[in-house]
Amino acid sequence: MKSILMKYMARFTSLSEEEQQAIADEIVIEEYKKGTILLQQGDIPTKCYFVLKGCVRQYAIDESGKEITSNFYTEEEAVSIFNLHKLDKSSQYSLTCLEDSVLVVGDLDIEQDMYNKYAQLETMTRKMMEENFGQVQEEFAAFIASAPEERFKALLLKRPHLIVKKRVHKDQ
83 MKSILMKYMA RFTSLSEEEQ QAIADEIVIE EYKKGTILLQ QGDIPTKCYF
133 VLKGCVRQYA IDESGKEITS NFYTEEEAVS IFNLHKLDKS SQYSLTCLED
183 SVLVVGDLDI EQDMYNKYAQ LETMTRKMME ENFGQVQEEF AAFIASAPEE
233 RFKALLLKRP HLIVKKRVHK DQ
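Following my numbering, the numbering of the sequence shown begins with 83 at its first residue and continues without gaps.
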């Protein structure tokens, strides 16, 4: 699984293979069973994740008790709740593994220590976030401009593997 991480890291950094390996050796990789709750709505996030294998669902429960899915994260996608702008820092979302998953687990309490130890890690993280943010902006703009049927067609075109994963999840 670390080879997937190394391949992804190579896209965003000029670190040597040895330097990448040193970082990868310090990174925690965990396996989670289907149904594992990574973060409960209302809790303060202390971890971030990167999906090596599997699928993580982000959702919230509204005032009437209805679950509203806001995102799915699959292979080579970062899972992070950005809530530093909130006074209480609690998460508006829950995160749950939709299937058995293998995730890189980042501890937000030692994030700065890792950046201090590996100077290029912060630059690499920023580049990864910039790419992700650009994708999110494009998807949001297209979503706003689209009718529901067009949104579903776009989902089928851009992320067909989600439909397969969702079908498997419903059948089990």
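Beta carbons are placed, not taken as given, at the ideal position from N, Cα and C, and that holds for glycine.
Note that this is a predicted model, so its numbers are computed, not measured.
Can you find the residues in the same chain that come closer than 7 Å, C-beta to C-beta, to residue i, ignoring five residues on each side of it along the sequence?
{"i": "residue 144", "result": "150"}
{"i": "residue 123", "result": "142, 143, 173, 174, 175 and 176"}
{"i": "residue 228", "result": "236"}
{"i": "residue 209", "result": "94"}
{"i": "residue 152", "result": "140, 141, 142 and 175"}
Between residue i and the rest of its own chain, which residues show a CB-CB distance below 6 Å, the 5 nearest in sequence each way excluded?
{"i": "residue 86", "result": "134"}
{"i": "residue 111", "result": "83 and 186"}
{"i": "residue 230", "result": "none"}
{"i": "residue 253", "result": "Low local confidence applies: a pLDDT of 49 at residue 253 is under 50, so the model's placement there is unreliable, with the coordinate-based value given in what follows. Result list for residue 253: empty, nothing under 6 Å."}
For my contact list, residue i and residue j are in at a C-beta cut-off of 8 Å; report their separation, rounded to the angstrom.
{"i": "residue 188", "j": "residue 148", "result": "Between residue 148 and residue 188 the Cβ distance is about 31 Å, and since that is not below 8 Å, they are no contact."}
{"i": "residue 60", "j": "residue 126", "result": "Outside the displayed span of the chain (83 to 254) sits residue 60, for which this structure offers no information."}
{"i": "residue 186", "j": "residue 109", "result": "6 Å"}
{"i": "residue 119", "j": "residue 178", "result": "5 Å"}
{"i": "residue 233", "j": "residue 222", "result": "Actually they are not in contact, since the Cβ atoms of residue 233 and residue 222 sit about 11 Å apart, beyond 8 Å."}
{"i": "residue 115", "j": "residue 182", "result": "6 Å"}
Going by CA-CA distance only, name the one from the options that's closest to residue i.
{"i": "residue 164", "options": "114, 238 and 131", "result": "131"}
{"i": "residue 218", "options": "159, 207, 193 and 231", "result": "159"}
{"i": "residue 113", "options": "83, 121, 90 and 99", "result": "83"}
{"i": "residue 243", "options": "154, 161 and 221", "result": "154"}
{"i": "residue 101", "options": "220, 196, 238 and 209", "result": "196"}
{"i": "residue 161", "options": "220, 89 and 207", "result": "207"}
Can you tell me whether residue i is buried or exposed, with buried defined as 16 or more other CB within 10 angstroms of its CB?
{"i": "residue 121", "result": "buried"}
{"i": "residue 98", "result": "exposed"}
Leaving out five residues before and five after residue i in sequence, what residues of the same chain have Cβ atoms less than 8 Å from its Cβ?
{"i": "residue 117", "result": "178 and 179"}
{"i": "residue 146", "result": "none"}
Cβ of residue i versus every heavy atom of the ligand PLP: is any distance shorter than 6 Å?
{"i": "residue 157", "result": "You won't find the ligand PLP in this model; it holds no ligand whatsoever."}
Would the region 90-109 count as touching the region 197-214 if we require 3 or more Cβ pairs under 8 Å?
yes
Check whether the region 193-204 and the region 100-118 touch, using three or more Cβ-Cβ pairs below 8 Å as the test.
yes
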